[in-house]
Amino acid sequence: MKTQQDLHVATPVRESLALTKLAGTSIYLKLDSSQPTGSFKIRGLGHLCKTAKRGYERFVCCSGGNAGMAAAYSARKLGVPATIIVPNVTPNITVEKMRDEGATVIIHGKVSIAYGQELVLAFVYKGKATHLWRSSKELEHDLKEKPGAIVLSVGGGGLLNGVVEGLRRANWADVPVVAMETMGAHSLHAAMEAGEHVTLPAITSVATTLGVAKVSAQTMKLSQEHPILSEVVTDQEAVKAVERFVDDEKILVEPACGAALAAVYSGIITRLRDERKLPQHLGPVVIVVCGGNNISLEQLDKCILTVC
Amino acid sequence: LDQPVEMKTQQDLHVATPVRESLALTKLAGTSIYLKLDSSQPTGSFKIRGLGHLCKTAKRGYERFVCCSGGNAGMAAAYSARKLGVPATIIVPNVTPNITVEKMRDEGATVIIHGKLAFVYKGKATHLWRSSKELEHDLKEKPGAIVLSVGGGGLLNGVVEGLRRANWADVPVVAMETMGAHSLHAAMEAGEHVTLPAITSVATTLGVAKVSAQTMKLSQEHPILSEVVTDQEAVKAVERFVDDEKILVEPACGAALAAVYSGIITRLRDERKLPQHLGPVVIVVCGGNNISLEQLDKLKKQLGII
Numbered sequence: 001m002k003t004q005q006d007l008h009v010a011t012p013v014r015e016s017l018a019l020t021k022l023a024g025t026s027i028y029l030k031l032d033s034s035q036p037t038g039s040f041k042i043r044g045l046g047h048l049c050k051t052a053k054r055g056y057e058r059f060v061c062c063s064g065g066n067a068g069m070a071a072a073y074s075a076r077k078l079g080v081p082a083t084i085i086v087p088n089v090t091p092n093i094t095v096e097k098m099r100d101e102g103a104t105v106i107i108h109g110k111v112s113i114a115y116g117q118e119l120v121l122a123f124v125y126k127g128k129a130t131h132l133w134r135s136s137k138e139l140e141h142d143l144k145e146k147p148g149a150i151v152l153s154v155g156g157g158g159l160l161n162g163v164v165e166g167l168r169r170a171n172w173a174d175v176p177v178v179a180m181e182t183m184g185a186h187s188l189h190a191a192m193e194a195g196e197h198v199t200l201p202a203i204t205s206v207a208t209t210l211g212v213a214k215v216s217a218q219t220m221k222l223s224q225e226h227p228i229l230s231e232v233v234t235d236q237e238a239v240k241a242v243e244r245f246v247d248d249e250k251i252l253v254e255p256a257c258g259a260a261l262a263a264v265y266s267g268i269i270t271r272l273r274d275e276r277k278l279p280q281h282l283g284p285v286v287i288v289v290c291g292g293n294n295i296s297l298e299q300l301d302k303c304i305l306t307v308c
Numbered sequence: 309l310d311q312p313v314e315m316k317t318q319q320d321l322h323v324a325t326p327v328r329e330s331l332a333l334t335k336l337a338g339t340s341i342y343l344k345l346d347s348s349q350p351t352g353s354f355k356i357r358g359l360g361h362l363c364k365t366a367k368r369g370y371e372r373f374v375c376c377s378g379g380n381a382g383m384a385a386a387y388s389a390r391k392l393g394v395p396a397t398i399i400v401p402n403v404t405p406n407i408t409v410e411k412m413r414d415e416g417a418t419v420i421i422h423g424k425l426a427f428v429y430k431g432k433a434t435h436l437w438r439s440s441k442e443l444e445h446d447l448k449e450k451p452g453a454i455v456l457s458v459g460g461g462g463l464l465n466g467v468v469e470g471l472r473r474a475n476w477a478d479v480p481v482v483a484m485e486t487m488g489a490h491s492l493h494a495a496m497e498a499g500e501h502v503t504l505p506a507i508t509s510v511a512t513t514l515g516v517a518k519v520s521a522q523t524m525k526l527s528q529e530h531p532i533l534s535e536v537v538t539d540q541e542a543v544k545a546v547e548r549f550v551d552d553e554k555i556l557v558e559p560a561c562g563a564a565l566a567a568v569y570s571g572i573i574t575r576l577r578d579e580r581k582l583p584q585h586l587g588p589v590v591i592v593v594c595g596g597n598n599i600s601l602e603q604l605d606k607l608k609k610q611l612g613i614i
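Residue numbers (our numbering), protein chains in the order written: chain Z, 1 to 308; chain S, 309 to 614.
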């Protein structure tokens with residue numbers, strides 16, 4: 001391994017004047033969009049790659065998205081060859097970026113986990129890598145007071161899993177998590193409504209990076225143990241949130257991240273307070289700005305035309 | 309007030325911001341390019357560093373902070389004042405957008421809209437790159453160069469101070485300006501501390517007609533490569549950067565990014581003003597609030613880029 005340091009960085013938390021004004025309560029942003037590779041995925045994946053046992057000759061990741069980018073970057077930084085297996089719907093620019101990181105990219109049909117397993121020894125499966133919010137140190141360092149709630153997007157639930165772990169370590173196990181999803185990628189919401197670990201028949205949301213049909217087992221478990229408020233927004237709301245956020249905070253995120261931001265832009269925090277699901281007297285609300293690479297101004301325009 | 313106002317917090321008002329490699333810019337430049345993401349500071353720009361520090365260490369007995377700036381310094385001052393529990397008055401020129409005035413008022417500041425600004429303060433607050441600790445913590449190896457935008461030169465002053473503290477006093481600074489706000493370049497060319505007759509660049513936050521005395525002094529002591537780009541190049545850089553790195557910055561910041569997008573780093577290496585074997589190049593992404601997608605479109609139309 002070339003380096004002992006973490007592959008991710010400690011990212012800033014800052015107040016959002018614009019969102020605080022809209023929500024009528026203090027809103028902070030955890031800027032994981034400023035991570036190397038542009039999303040929070042480098043946390044869990046970087047850690048996993050770094051701590052992988054010696055003897056692994058190659059990292060393999062099945063992901064055409066941010067996990068794939070994080071894996072390719074981690075591999076390059078650690079001096080380990082990487083193979084990223086991506087579905088054939090992956091944009092060319094993403095494939096090119098992964099190759100620029102030095103990874104071998106195999107464009108497969110529908111991504112098959114078994115194909116990956118044949119090749120190598122270290123295997124990272126999207127959605128299962130636990131997101132680690134760097135234990136409680138970063139959480140408590142960032143947030144001087146106990147937060148009123150943490151707002152985040154849910155795809156497979158890795159981010160939620162890590163955040164709850166961090167909250168527990170900080171002795172903040174009663175801090176509710178507002179778990180945002182888009183309609184058509186609402187695997188957590190469906191499971192919580194059904195009371196069982198269901199699978200969505202299809203992913204129909206434009207927020208493809210939330211597109212995990214079945215939320216992780218750990219997330220299912222935590223939904224029964226931790227105060228989680230599961231909310232779903234439309235693609236329109238997620239995309240509008242992206243559009244407003246780039247003007248409000250000068251950061252361009254994917255619709256997947258827009259889902260979390262819609263908690264403010266679509267008045268969900270306000271409604272939850274009105275419904276007494278969140279207290280009126282609410283501590284600082286922290287939104288995890290998970291980031292994401294699969295967006296550009298042109299893509300945003302297209303999304304707006306498609307969904308709005 | 310009889311009693312001095314108590315400072316609410318002993319903590320810094322700015323944060324330690326990430327440095328990350330830019331794959332896109334590295335590919336373009338053909339050499340390692342890193343970004344210091346000061347766009348992720350509270351208030352969206354690096355200004356909170358110097359201004360936050362200044363406000364925090366202000367002597368007791370000050371009952372109010374006053375700042376003359378319709379830009380990022382004003383925002384940083386308003387925010388600092390609110391965090392420290394001190395009333396603030398921000399004096400802004402009449403060309404300041406309404407949305408900026410509103411934001412300052414949202415921070416609790418009294419805003420006075422004045423005519424042409426009398427510059428007592430702007431440009432003099434030394435930017436502190438948090439001594440050498442943040443610099444050395446961020447950059448494990450000695451950088452090949454630091455690239456930054458120059459308005460009044462406060463950022464440059466602080467970076468050079470940080471480099472000296474890290475014993476990296478030979479690391480060149482590539483000082484980027486836009487034509488029409490090129491006060492440093494004009495002074496270096498003239499060999500004296502000249503004043504530009506007017507600011508004609510769209511990068512208004514670089515619009516200081518005379519660079520700071522400290523910057524003038526440093527231009528004679530430190531390896532500084534002064535480069536000027538057009539407004540078009542600065543704005544094109546802003547546009548490309550939002551797609552490459554998902555961050556929307558002002559044209560003032562675009563000037564620094566144009567060092568890569570306009571091939572200036574490459575040219576400097578070809579001209580041997582920067583070594584062929586170059587350590588990591590760090591671009592300070594200074595950020596800035598006075599930009600939106602609509603403003604970017606308007607600028608493109610205005611500059612004939614569309």
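A virtual CB, placed ideally from N, CA and C, is assigned to each residue, including glycine.
Please read all numbers here as calculations on a predicted model, not as lab measurements.
Residue from the options whose Cα sits closest to the Cα of residue i
i: PRO451 of chain S; options: S:ILE614, S:CYS594, S:ASP605 and S:PRO583; result: S:PRO583
i: GLU96 of chain Z; options: Z:VAL105, Z:LYS21 and Z:VAL89; result: Z:VAL105
i: ASP446 of chain S; options: S:TYR342, S:PRO531, S:SER600 and S:GLY587; result: S:TYR342
i: SER457 of chain S; options: S:ILE613, S:ALA332, S:ALA566 and S:GLY612; result: S:ALA566
i: HIS501 of chain S; options: S:LYS518, S:HIS490 and S:GLU485; result: S:LYS518
i: ASP301 of chain Z; options: Z:CYS62, Z:THR234 and Z:VAL246; result: Z:VAL246
For residue i, the residue or residues it bridges with in DSSP
i: PRO401 of chain S; result: S:HIS422
i: GLY499 of chain S; result: Partner(s): none; GLY499 of chain S has no beta bridge.
i: LYS30 of chain Z; result: Z:VAL13 and Z:VAL288
i: ILE269 of chain Z; result: BP columns for ILE269 of chain Z are empty, so no partner.
Beta carbon of residue i nearer than 9 Å to that of residue j
i: GLY148 of chain Z; j: PRO279 of chain Z; result: yes
i: LEU504 of chain S; j: LEU464 of chain S; result: no
i: VAL288 of chain Z; j: LEU159 of chain Z; result: yes
i: VAL592 of chain S; j: LEU533 of chain S; result: no
i: THR508 of chain S; j: MET487 of chain S; result: yes
i: GLY156 of chain Z; j: SER216 of chain Z; result: yes
i: VAL175 of chain Z; j: LEU167 of chain Z; result: yes
i: VAL164 of chain Z; j: HIS108 of chain Z; result: no
i: GLU231 of chain Z; j: GLU196 of chain Z; result: no
i: GLU547 of chain S; j: LYS609 of chain S; result: no
i: GLY596 of chain S; j: SER347 of chain S; result: yes
i: GLY46 of chain Z; j: ASP100 of chain Z; result: no
i: ILE454 of chain S; j: VAL590 of chain S; result: yes
i: THR365 of chain S; j: MET383 of chain S; result: no
i: GLU249 of chain Z; j: LEU29 of chain Z; result: yes
i: GLU497 of chain S; j: LEU17 of chain Z; result: no
i: ALA67 of chain Z; j: ALA82 of chain Z; result: no
i: ALA185 of chain Z; j: VAL198 of chain Z; result: no
i: ILE251 of chain Z; j: LEU556 of chain S; result: yes
i: GLY460 of chain S; j: VAL374 of chain S; result: no
Integer Cβ distance of residue i from residue j, believed to fall under 8 Å
i: VAL212 of chain Z; j: SER33 of chain Z; result: No, VAL212 of chain Z and SER33 of chain Z are not in contact; Cβ-Cβ is about 20 Å, not under 8 Å.
i: THR513 of chain S; j: ASN406 of chain S; result: With a Cβ gap of about 17 Å, THR513 of chain S and ASN406 of chain S do not count as contacting.
i: GLY292 of chain Z; j: SER39 of chain Z; result: 5 Å
i: VAL510 of chain S; j: ASP539 of chain S; result: 5 Å
i: VAL239 of chain Z; j: VAL307 of chain Z; result: 5 Å
i: ALA389 of chain S; j: CYS363 of chain S; result: 7 Å
Chain-ordered chain S contacts of residue i [CB-CB under 7 Å]
i: VAL239 of chain Z; result: Those do not exist, as VAL239 of chain Z stays about 14 Å from chain S at its closest Cβ, beyond 7 Å.
i: ASP247 of chain Z; result: SER600 and LEU601
i: HIS21 of chain Z; result: Looking at the sequence shown, residue 21 of chain Z is not His but Lys. What LYS21 of chain Z touches in chain S: ASP414.
Chain-ordered neighbours of residue i on chain S, where CB pairs are closer than 8 Å
i: THR11 of chain Z; result: PRO326 and SER348
i: SER26 of chain Z; result: The premise fails here: SER26 of chain Z is roughly 12 Å from chain S at the closest Cβ pair, so nothing lies under 8 Å.
i: GLU101 of chain Z; result: LEU331
i: LYS50 of chain Z; result: Those within 8 Å of LYS50 of chain Z in chain S number zero; the least Cβ separation is about 16 Å.
Per-residue contacts from residue i into chain Z (C-beta, under 9 Å)
i: VAL557 of chain S; result: LYS250
i: LYS635 of chain S; result: Any property of residue 635 of chain S remains undetermined from this structure, which presents chain S solely from 309 to 614.
Chain C contact residues for residue i, given Cβ-Cβ distances below 9 Å
i: ARG14 of chain Z; result: Of the protein chains in this structure, namely Z and S, none is chain C.
Amino acids of chain S, ordered along the chain, whose beta-carbon sits closer than 9 Å to that of residue i
i: GLU165 of chain Z; result: What GLU165 of chain Z touches in chain S: nothing, since even the nearest Cβ is about 22 Å away.
i: SER33 of chain Z; result: SER348, LYS554 and ILE555
i: ASP6 of chain Z; result: Here the premise fails: no neighbours, minimum Cβ distance about 12 Å.
Under 7 Å by beta carbon: chain Z residues contacting residue i
i: VAL550 of chain S; result: LEU252 and LEU297
i: LEU447 of chain S; result: The contacting residues do not exist; LEU447 of chain S stays about 13 Å from chain Z at best.
i: LEU345 of chain S; result: SER34
i: LYS411 of chain S; result: LEU17
i: LYS335 of chain S; result: ASP100
Where residue i meets chain Z, residues with beta-carbon distance less than 8 Å
i: HIS329 of chain S; result: It is Glu, not His, that sits at residue 329 of chain S in the sequence shown. Going along chain Z in sequence order, the residues near GLU329 of chain S (Cβ under 8 Å) are PRO36.
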